[in-house]
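Residues 2 to 606 in this note's numbering are what the sequence shown lists, from first letter to last. All C-beta atoms, glycine included, are put in the ideal place defined by N, C-alpha and C.
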Amino acid sequence: MAASLTIWSSCGESAARAVSGAAGALVSPAALSSVRARSAHGRAPSRSNVSSAARRCGRALLDPSRAADERARNNAVTIVGIAGGFAAFVAVFVVSSTFAFAVGQRRREFALLRTTGATAGQVRRMVYGEAALVALAASALGAVLGPLATRPLLDRLTALGMAPAWLVPSTSSVPSFVAFGTGVLVTALVSMAVNTIGDPASATNNKTFMPIVMLLIAAAGLLAPVFVRPVTRLLAGPVERLRGAGGTVVAAGALASARRTAATAAPVLVTVALAGTLLGGAAMTDATKTAMETAPVRADFLVLPDGPAGLDRQLVERLRAVPGAEITTATATSVYTLEGRTELIRRPAEAVDPAALTSALSVPVTAGSLADLRDDTIAVSPTWELGLGRTVRMWRADGSQATFKVVALLGADSAADSYVTPAHAFSALPSTAYVTLRPGASAPAVRAALVAATRGHNAHAVTKADWSGDSASRRNSASRLGLLAVLAIMLGYTAIALVNTLLMAASDRAAERGGLRLLGATRAQVLRFVMGEALLVVTVGVVLALGATAVSLLGLWTALLRLAGPVAFEVPWLPVAGVVAACFVLGVAASVVPAIRTKGAAIPR
Numbered sequence: 002m003a004a005s006l007t008i009w010s011s012c013g014e015s016a017a018r019a020v021s022g023a024a025g026a027l028v029s030p031a032a033l034s035s036v037r038a039r040s041a042h043g044r045a046p047s048r049s050n051v052s053s054a055a056r057r058c059g060r061a062l063l064d065p066s067r068a069a070d071e072r073a074r075n076n077a078v079t080i081v082g083i084a085g086g087f088a089a090f091v092a093v094f095v096v097s098s099t100f101a102f103a104v105g106q107r108r109r110e111f112a113l114l115r116t117t118g119a120t121a122g123q124v125r126r127m128v129y130g131e132a133a134l135v136a137l138a139a140s141a142l143g144a145v146l147g148p149l150a151t152r153p154l155l156d157r158l159t160a161l162g163m164a165p166a167w168l169v170p171s172t173s174s175v176p177s178f179v180a181f182g183t184g185v186l187v188t189a190l191v192s193m194a195v196n197t198i199g200d201p202a203s204a205t206n207n208k209t210f211m212p213i214v215m216l217l218i219a220a221a222g223l224l225a226p227v228f229v230r231p232v233t234r235l236l237a238g239p240v241e242r243l244r245g246a247g248g249t250v251v252a253a254g255a256l257a258s259a260r261r262t263a264a265t266a267a268p269v270l271v272t273v274a275l276a277g278t279l280l281g282g283a284a285m286t287d288a289t290k291t292a293m294e295t296a297p298v299r300a301d302f303l304v305l306p307d308g309p310a311g312l313d314r315q316l317v318e319r320l321r322a323v324p325g326a327e328i329t330t331a332t333a334t335s336v337y338t339l340e341g342r343t344e345l346i347r348r349p350a351e352a353v354d355p356a357a358l359t360s361a362l363s364v365p366v367t368a369g370s371l372a373d374l375r376d377d378t379i380a381v382s383p384t385w386e387l388g389l390g391r392t393v394r395m396w397r398a399d400g401s402q403a404t405f406k407v408v409a410l411l412g413a414d415s416a417a418d419s420y421v422t423p424a425h426a427f428s429a430l431p432s433t434a435y436v437t438l439r440p441g442a443s444a445p446a447v448r449a450a451l452v453a454a455t456r457g458h459n460a461h462a463v464t465k466a467d468w469s470g471d472s473a474s475r476r477n478s479a480s481r482l483g484l485l486a487v488l489a490i491m492l493g494y495t496a497i498a499l500v501n502t503l504l505m506a507a508s509d510r511a512a513e514r515g516g517l518r519l520l521g522a523t524r525a526q527v528l529r530f531v532m533g534e535a536l537l538v539v540t541v542g543v544v545l546a547l548g549a550t551a552v553s554l555l556g557l558w559t560a561l562l563r564l565a566g567p568v569a570f571e572v573p574w575l576p577v578a579g580v581v582a583a584c585f586v587l588g589v590a591a592s593v594v595p596a597i598r599t600k601g602a603a604i605p606r
C-alpha cells in the first residue's frame, strides 16, 4: 500500500522513500526529523515507527483532502476578514459623522456652559465622559451579540458555498474582548477628533486627511461638509422650479444646515461608494484576469477534464489521432522553493512540450527564449524575482530536488507562473489539451471528431470563445457572491447610522414643521416636504458616492490598462441600484415616521 500511495514531501526523495518506500509522501516536520535522525545512523524507520510518527503529528496531515479543506477554510476566513475590515472602516466613518453631528446639535448648550463659567477643558472632558459611557454600553452589547450572530452568518456562507460545511465557530472569548476594546477606542479617538474641529470647512485642511488621502471614500466623507452645499444647491435648482412653494421649502430645508445634510449623506456616501467601487473593481479585475488567461491561447479548441483527475492517456492518444488537429497538452504541477532556509513556497507550474508550445500558446517573454526550455531549465514570471541565467535549487512535486537554470523571463501578463518540461510532471495526467487546426482542416469536422473522442472519458471539447466565456462567468460569479455578502454586512451598519442620524435630527425639526402648520400647510403637505427633503439629501449622498467611485475606478482602469490593455469600464448597475434603492427607502422611512409621530405637538404657541 505504501508503494502505491502518492505522498507529498518537502525533504527530498531520500527522506520520502525512507517513509513510504517510494518517492513522495506527505509527512510532517516531526516525522521528517525522525527520518533524518535514523538515516544519519544508517537505519530506515519501520512501518510501526512511521505510524507512530503519523499518530504524533496528527491524522490531519495524512488526510488526502487536507489541501482542499485548507483552501476552503482559508476562503471562508478571507471573506470574513474582508467583511470585518470593511465593517471596521464603516464603523469609524459612521461613528465620526454621527458624533460630529451630535456635537454640532449641542453648540448652544456648550456655549451656555461656557457662559456660566465652565472652561473649555471641562466641556471637552464632559464630552469625553459621555462618549465613554455610550461606548462602554454599545461595545458591551456588541461583544455579547457578535458571537450569537456568528453561527447564522457561518450557516449562510455555507449555504452560498463560500465556507465548508465542517467549519465551526470558535468558542474563544478573546474576539469579544478585542471587539469591546476596539469599540471604546474608536469612540474615544472620534470624540477627540470632533473636539478639535471647529467648523466643517476645516476638514479641508490637508493635515486632517492627507494620511488617508488614498482612501478616496474616506476623503470624500471628510470633504462632505464642503461639497454638500454646492451639490445640494445644484440638485435643489430643479426642485425649486416646481410649481408651488413645496420645492422651495424642500430646498431651503436641505440648505439650511450643511452639517445635518452632511451627517445624513455620509452613510449613503460610504454605502453606495463601497458598493460601486468593490463590485466595479471586481468586475474590471476579473475581466483583466480572464483576458490575461485567454489572450495567449492560439488554439482553436480546448479539451478539458470534467473533474480534477485530468485527461487519461487513452483520451490523449485518441485526440492525437483526430485528422487535421495538432494537439499540445499542458499538465499542472508545482515546484517548491526554500525561503529563509525554513519555509517552502509552493509555486504553480505548467509542464509543456517546448517544441509544440508556440503553436498553441503565445507566451509573453521579456528576456531569454522559450526555445531554451529543457529538463534542467525553467521559465519564470516576475513574481519569482529571479534574473535571467540564475540557477536555483527547487523541490519537485514528488519531493525530489532538482537544480534549474532560468532561461526565460515571462511577462507580467503571463497566464502561467512558470513553465517546465513534461519530465517534471511525472505520472500526473494532463490538465488541458490545446487543439490547433492544421492548414486546410475543417473546423466543424474537427470539433465533431473531438466530441466523439471525448465521449466516455469524463472530458469535453470547447471552442476558445466558449472557454473564455465560461471562465469569465465562473470568476465573476465567485467574486460577486463574496462581495455581496460583504456589502450586506456593511449595509446593516450604514442603515443603523442613517436611521440614527435622521432620528436625532427629528426633534430639532419639530419646531420647523410646527411653523409650517401655522403658515397654513396641511399635515399631508408637511409630510410631503419631509419626504422630499429626505429624497434630496439621499440624492446628495448618492452623487458624492458616484464621484468617489468614478475617481477610484478610473485609477484602477488606468493601472489595468498598462497591465493588459483596454478593459471594459463596467459597473454592475443592478446590485448598485439595489443599494441606492435601499438607502432611499431607509432615508424616507426614518424621516417620515418621526414626523408622523410628533403630530401637532410641536406647533409653537
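What residue range does the alpha helix (DSSP H) around residue i cover?
{"i": "glutamate 131", "result": "121-160"}
{"i": "glutamate 318", "result": "314-321"}
{"i": "alanine 454", "result": "444-455"}
Of the residues the options, which one's Cα is nearest the Cα of residue i?
{"i": "valine 487", "options": "Gly277, Leu499 and Pro165", "result": "Gly277"}
{"i": "serine 360", "options": "Leu371, Asn459 and Ala139", "result": "Leu371"}
{"i": "glycine 325", "options": "Ser428, Pro297, Thr437 and Arg115", "result": "Thr437"}
{"i": "valine 531", "options": "Gly521, Leu113 and Val594", "result": "Val594"}
{"i": "proline 170", "options": "Val81, Ala139 and Leu113", "result": "Val81"}
{"i": "valine 1", "options": "Ile490, Leu536 and Ala164", "result": "For the chain, the structure presents residues 2 to 606; residue 1 sits outside this window and is missing."}
{"i": "glycine 533", "options": "Arg234, Leu554, Val250 and Ala560", "result": "Val250"}
{"i": "proline 297", "options": "Ala466, Gly521 and His458", "result": "Ala466"}
{"i": "tryptophan 558", "options": "Leu492, Thr286 and Ile328", "result": "Thr286"}
{"i": "tryptophan 468", "options": "Val407, Ser363, Asp301 and Gln123", "result": "Asp301"}
{"i": "proline 306", "options": "Met491, Ala546 and His458", "result": "His458"}
{"i": "arginine 74", "options": "Arg319, Val407, Arg321 and Leu155", "result": "Leu155"}
{"i": "alanine 583", "options": "Thr495, Glu327, Ala569 and Ser553", "result": "Thr495"}
Is residue i close to the ligand GDP? I mean its beta-carbon at under 7 Å from any heavy atom of the ligand.
{"i": "glycine 556", "result": "Among the components modelled here there is no ligand, and therefore nothing to report on the ligand GDP."}
Specify, as a first and last residue, the run of the beta strand (DSSP E) that residue i falls within.
{"i": "arginine 394", "result": "392-396"}
{"i": "proline 345", "result": "For the sequence presented, residue 345 should be read as leucine rather than proline. Its beta strand (DSSP E) spans residues 344-353."}
{"i": "leucine 411", "result": "402-411"}
{"i": "valine 304", "result": "302-306"}
{"i": "glycine 369", "result": "366-369"}
{"i": "glutamate 340", "result": "326-340"}
{"i": "valine 421", "result": "419-421"}
{"i": "valine 381", "result": "378-381"}
{"i": "alanine 460", "result": "460-464"}
{"i": "leucine 1", "result": "This structure does not reach residue 1, given that the chain is present from 2 up to 606, and the question cannot be answered."}
So, is residue i buried or exposed, given that buried needs 16 or more other C-beta atoms within 10 angstroms?
{"i": "serine 415", "result": "buried"}
{"i": "proline 573", "result": "buried"}
{"i": "alanine 409", "result": "buried"}
{"i": "glutamate 351", "result": "buried"}
{"i": "isoleucine 1", "result": "The structure shown has nothing for residue 1, since the chain only spans 2 to 606."}
{"i": "leucine 608", "result": "As displayed, the chain neither begins before 2 nor continues past 606, which places residue 608 out of reach and without an answer."}
{"i": "aspartate 373", "result": "exposed"}
{"i": "aspartate 376", "result": "exposed"}
{"i": "serine 443", "result": "exposed"}
{"i": "proline 567", "result": "exposed"}
{"i": "alanine 591", "result": "buried"}
{"i": "alanine 549", "result": "buried"}
{"i": "glycine 341", "result": "exposed"}
{"i": "valine 527", "result": "buried"}
{"i": "serine 404", "result": "Rather than serine, the amino acid found at residue 404 in this sequence is threonine. Classification for threonine 404: exposed."}
{"i": "serine 363", "result": "exposed"}
{"i": "threonine 330", "result": "buried"}
{"i": "leucine 358", "result": "buried"}
Report the CB separation of residue i from residue j in whole angstroms; it is logged as a contact under 8 Å.
{"i": "alanine 426", "j": "valine 304", "result": "The Cβ separation is near 17 Å, so there is no contact."}
{"i": "arginine 518", "j": "alanine 596", "result": "No, arginine 518 and alanine 596 are not in contact; Cβ-Cβ is about 11 Å, not under 8 Å."}
{"i": "glycine 134", "j": "alanine 77", "result": "Reading the sequence as shown, one finds leucine at residue 134 and not glycine. Their Cβ separation, rounded to whole angstroms, is 37 Å, which puts leucine 134 and alanine 77 out of contact at 8 Å."}
{"i": "glycine 412", "j": "threonine 367", "result": "5 Å"}
{"i": "threonine 233", "j": "threonine 262", "result": "6 Å"}
{"i": "alanine 356", "j": "alanine 546", "result": "At roughly 55 Å, the Cβ-Cβ gap does not stay under 8 Å, so alanine 356 and alanine 546 are not in contact."}
- Are the region 566-577 and the region 269-283 touching, with three or more C-beta to C-beta distances below 8 Å? Output reads yes: the region 269-283 touches the region 566-577.
- Tell me, please, whether the region 305-319 touches the region 386-397 by the rule of three or more beta-carbon pairs shorter than 8 Å. When Cβ pairs closer than 8 Å are counted between the two stretches, the region 305-319 is seen not to touch the region 386-397, the count staying below three.
- Touching or not, the region 449-456 and the region 384-393, by the rule of three or more beta carbon pairs under 8 Å? Fewer than three Cβ pairs drawn from the region 449-456 and the region 384-393 lie within less than 8 Å of each other, which leaves the two stretches out of contact.
- Message: Assess contact between the region 539-546 and the region 258-274, defined as three or more Cβ pairs (one per stretch) separated by less than 8 Å. Is contact present?
- Response: Flag = yes, the region 539-546 and the region 258-274 touch.
- Query: With contact counted as at least three CB pairs below 8 Å, one residue from each stretch, are the region 333-344 and the region 417-425 in contact?
  - Reply: Verdict: yes, contact present.
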